[in-house]
Ligand SMILES: [Zn+2]
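Numbering (my numbering), first residue to last: 412 to 550.
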């Protein structure tokens, strides 16, 4: 993996294998309008296999949203062809309007215009539950 192929941008590495597209979706990065490279299911010393996302340009990444779906990921900020900063995702204790409750009887499903709010219940298993109905989040 050569960093030099990217002059300005970010590299999201150690993304759990197979979840790169989900990560892009939750970060609201549109692959149709963004210059990016996806490397999926590449081998990783640490996790067996992983995905890597390289995004060109000055893209802002919400580290809390990244932590929600890919807490093991690392974020490298590249400027002038070198990594100038390394960031780690944070595990948010609350998330609003990122994931949607799957419970058909949940008030957020019935009433339009309500925020989708989830809270972290288990830091080790990264389990999130709906603020309204306690349904477990499906990522
Ligand atoms: Zn709910």
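Built from N, CA and C at the ideal position, the CB exists for glycine as well.
Fair warning: this is a prediction, and the values are worked out from it, not measured in the lab.
Per the coordinates, the alpha-carbon of residue 417 lies some 45 Å from the alpha-carbon of residue 522. A residue is called buried once 16 or more other Cβ atoms fall within 10 Å of its Cβ, and residue 509 is buried on that count.
The shortest C-alpha to C-alpha distance from residue 542 to any of 492, 519, 425 and 536 is the one to 519.
Three or more pairs of CB atoms, one per stretch, sit closer than 8 Å, so the segment 425-436 contacts the segment 452-464.
The segment 490-545 is shown to contain whole beta strand (DSSP E) runs of 3 or more residues at 493-498, 505-507, 528-533 and 538-541, in chain order. In the pairwise beta carbon analysis, the segment 447-456 is classified as not touching the segment 476-490: fewer than three pairs are separated by under 8 Å.
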